[in-house]
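Positions in the sequence shown are counted from 1; adding 4 to them yields the numbering used here. Heads up, the beta-carbon is just placed ideally off N, CA and C, and yes, glycines get one too. Worksheet: one structure, shown below.
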Amino acid sequence: MTKLLRLFLLLSIIVALLACSAKSADYAESRYSPEMMANTAMDGFAMAGETESALRKTEAAPAAPASTAGQPGDNSTVDATSGRKFIHSANMQVEVQDLQTAAAGLENLARSLGAYIESSSLFSSWANFSLRVPVGRFDELLTAAGKLGYQLSRSSSVQDVTDSYFDLEGRLRNKRILEERYRDYLGKATKIDEILEVEKALSDTTTEVEWLEGSFRDLSSRIELATVYIELQTASTASDQSDFSRAVRRLFENFASVFKTVALILLGMVIYGIPLLALVLVLWLLLFGRVGAVRRLFRLVSGKKQGKA
């Protein structure tokens, strides 16, 4: 009886140990399963979304007005554009006496205001410039550039990109959080298929992060630096015929451009058309001309049919 009792106790201990081992194996299998990783990622998205919403509410809230107690007659109001993001741009046409001097003056003006010339085109009688200037010096640049000569036209525009800015910023922040989570998963994964799956997801997320970073840098640059397009034109000797002479000049310039295009087309026809025509002529002579391969083949086939008949 004592031996049976001991054997029963030994079997009970062995069964208990086997059950604990099975539970540990199940936990190890499910710890890095795709479902578990997906649920954790969704939790990360939810947490990032709540953080993004809180940040937007904080950044978009207008600043509280300063206290004006004891200051009668103060009509100041809260700045309605506080915390918003804008892209400034402008176009200007200026008629100048000397094109080279005005172009050099514009370059010096840009340097003095902390701006730079993004692109430029200089011709015999007119020039185009694209400048990037800090937003704080935007109006100052336009005023000073108009004094280089006679200002023919000036227009400016402001684009509100607040929603795009904070949306892009939130998407970038969420993708960075997801990228870090995938890196953590990769360090903990033990199976080959899990490692490959996490590496693919990490590579796709890293690519999206790099694209979003580039887009965010470009948008931030356009917000911080306004774009100004300036066209400089030489002044006409006869003021009463300035518009007419400018129109005639543009007409001849457009005609020269069209003539150049037509000349290139004709040159291409000569270079490629003559060899192609010669090839067609040779093929026609071989098939239908003096050699007449097709004609001879047709006669041969017709002769065989008549012989059979």
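Cβ neighbours of residue i in the same chain (closer than 8 Å, five flanking residues each side left out)
| i | result |
| --- | --- |
| residue 114 | 120, 121, 135, 137 and 145 |
| residue 199 | 190 and 193 |
| residue 228 | 138 and 139 |
| residue 218 | none |
| residue 212 | 179 |
Same chain, Cβ closer than 7 Å to residue i, five either side skipped, listed in chain order
| i | result |
| --- | --- |
| residue 70 | Note that residue 70 has pLDDT 36, beneath the 50 cutoff, so the model's placement of it is unreliable and no number is given. |
| residue 203 | 190 |
| residue 306 | none |
| residue 50 | Confidence at residue 50 is low in this model, with a pLDDT of 42, below 50, so its placement is unreliable and no value can be given for it. |
| residue 123 | 134 |
Option in the options with minimal Cα separation from residue i
| i | options | result |
| --- | --- | --- |
| residue 97 | 111, 285, 90 and 131 | 131 |
| residue 234 | 90, 126, 173 and 116 | 126 |
| residue 102 | 165, 300 and 153 | 153 |
| residue 94 | 171, 147, 104 and 289 | 147 |
| residue 168 | 158, 180, 88 and 201 | 88 |
| residue 214 | 175, 254, 268 and 190 | 175 |
| residue 149 | 187, 107 and 223 | 107 |
| residue 230 | 157, 162 and 251 | 162 |
| residue 226 | 301, 124, 105 and 166 | 166 |
| residue 171 | 300, 224, 143 and 158 | 224 |
Counted within 10 angstroms of its Cβ, other Cβ atoms place residue i as buried (16 or more) or exposed
| i | result |
| --- | --- |
| residue 286 | exposed |
| residue 232 | buried |
| residue 275 | exposed |
| residue 57 | Because residue 57 sits at a pLDDT of 46, beneath the cut-off of 50, its placement in the model cannot be relied upon, and the point is left open. |
| residue 133 | buried |
| residue 280 | exposed |
| residue 236 | buried |
| residue 173 | buried |
| residue 178 | buried |
| residue 1 | This structure leaves residue 1 out entirely; the chain is present only between 5 and 313. |
| residue 270 | exposed |
| residue 255 | exposed |
One or two residues paired with residue i in a DSSP bridge
| i | result |
| --- | --- |
| residue 121 | 135 |
| residue 91 | 163 |
| residue 158 | 96 |
| residue 265 | Residue 265 pairs with nothing; no bridge assigned. |
| residue 130 | 237 |
| residue 230 | 137 |
Beta-carbon proximity list for residue i, same chain, < 6 Å, skipping 5 on both sides
| i | result |
| --- | --- |
| residue 141 | 117 |
| residue 129 | 238 |
| residue 156 | 97 and 99 |
| residue 304 | none |
| residue 84 | Any answer about residue 84 is weak, because its pLDDT of 47 lies below 50 and its placement is not dependable; what the coordinates show is given next. Nothing listed; no residue qualifies. |
| residue 315 | In this structure the chain extends from 5 to 313, so residue 315 is not present and cannot be described. |
| residue 277 | none |
| residue 253 | none |
Whole-angstrom C-beta distance between residue j and residue i, which should lie under 8 Å
| i | j | result |
| --- | --- | --- |
| residue 99 | residue 239 | 5 Å |
| residue 90 | residue 164 | 6 Å |
| residue 187 | residue 206 | 7 Å |
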